[in-house]
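Residue numbers (the numbering used here): 4 to 256.
Backbone N, C-alpha and C define an ideal beta-carbon position, used for all residues, glycine too.
For clarity, every value in this text was computed on a predicted model and none was experimentally measured.
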């Protein structure tokens, strides 16, 4: 089976407490044809120095390893920088406080995408305690949902070919939380891109991140999703978003 280069991107800012776990989860993958790109937003803690400690280890096993540390315009701008740097046929994004659930994840991702000739892939995700990644807080079973109702796959479990990004564009930098919904709506729902789903948990996400906590965050996310539906002429967009927001609000009662 073909073993294409896969580019993994981690965006970081003052992530010294968690980035070592993230890097280790990438380094320990059994699939070796990996390019790993860390895009740092000029952290003022030890994030970059921790990342640099892995340069020799990645080089010794023959994997490309890049660290870019410069000012950015936010999370999605940093993601776009990583995608533009990426040389791989397939691209995945792993947050600086997330980890792959085991060392077989990338092997499974590549094998499924190659065997089914897919341009997009997603799987399931576990929310874990921010201080104890073995303690599961919530399970995100993706299934095959409907974008028209504000659904989208968990972003860290999503892998997209470079060619697909080139066709549909990159992340909207003006969005604060739901730019992943915007681009996946265009790629999967509107673009009908060949997409495969693996019904397995492949990523652990620490609770408390930008998109996993807070009433204000959910209001912002709902507004951005509404904007995406509006721009793509989706009917009944306002009632749909109100339903989504109501469901989210119940979590805070």
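(message) Assess contact between the segment 81–99 and the segment 8–24, defined as three or more Cβ pairs (one per stretch) separated by less than 8 Å. Is contact present?
(response) yes
(message) Counting C-beta neighbours from all protein chains within 10 Å, is the total for residue 252 16 or more, i.e. buried, or is it exposed?
(response) Here residue 252 scores only 43 on pLDDT, less than 50, and its place in the model is too uncertain to base an answer on.
(request) Please state whether DSSP places residue 215 in a helix, a strand or coil. (result) Residue placement at residue 215 is flagged as unreliable, the pLDDT there being 48, under the threshold of 50; the coordinate-derived value follows with that caveat. Here residue 215 sits in coil by DSSP.
(request) Pull up the DSSP beta-bridge partners for residue 208, would you. (result) 101 and 130
(request) Let me know the secondary structure DSSP gives residue 39 once reduced to three states. (result) strand
(request) Within 10 angstroms of the Cβ of residue 45, are there 16 or more other Cβ atoms? Answer buried if so, exposed if not. (result) exposed
(message) Counting C-beta neighbours from all protein chains within 10 Å, is the total for residue 202 16 or more, i.e. buried, or is it exposed?
(response) exposed
(message) Closest to residue 138 by C-alpha separation, out of 29, 162, 22 and 207, would be which residue?
(response) 207
(request) Could you give the DSSP three-state label for residue 229: helix, strand or coil? (result) helix
(request) Measuring alpha carbon to alpha carbon, tell me which of 230, 162 and 118 ends up nearest residue 180. (result) 230
(request) Assign residue 187 to one of three DSSP states: helix, strand, or coil. (result) helix
(request) Entirely within the segment 48–116 and at least 3 residues each: give me those beta strand (DSSP E) ranges in chain order. (result) 67–72, 93–96 and 101–103
(request) For the segment 154–163 and the segment 62–69, state whether three or more C-beta atom pairs, one from each stretch, are separated by less than 8 Å. (result) no
(request) Would you mind giving the Cβ-Cβ distance between residue 36 and residue 12, rounded to the nearest angstrom? I have them listed as a contact below 8 Å. (result) Going by Cβ atoms, the distance from residue 36 to residue 12 rounds to 16 Å, so no, they are not a contact pair.
(message) DSSP three-state label for residue 29, please.
(response) helix
(message) Quick check on residue 159: does DSSP put it in helix, strand or coil?
(response) helix
(message) Here's a check: name, in chain order, each residue in its chain whose Cβ is nearer than 7 Å to the Cβ of residue 128, leaving out the five neighbours to either side.
(response) 143, 157, 159, 160, 204, 206 and 208
(message) For a quick check, are the C-beta atoms of residue 200 and residue 147 less than 8 Å apart?
(response) yes
(message) Cutting at 6 Å between CB atoms, please list the residues of its own chain near residue 215, excluding the five before and the five after it.
(response) Caution applies to residue 215, whose pLDDT of 48 falls short of 50 and renders its modelled position unreliable; the value that the coordinates give is listed next. Taken in chain order, the list of residues that qualify is empty.
(request) Output the distance between the C-alpha atoms of residue 121 and residue 198, rounded to the nearest integer angstrom. (result) 6 Å
(request) Have a look at residue 54 and residue 152 and give me their C-alpha separation to the nearest angstrom. (result) 39 Å
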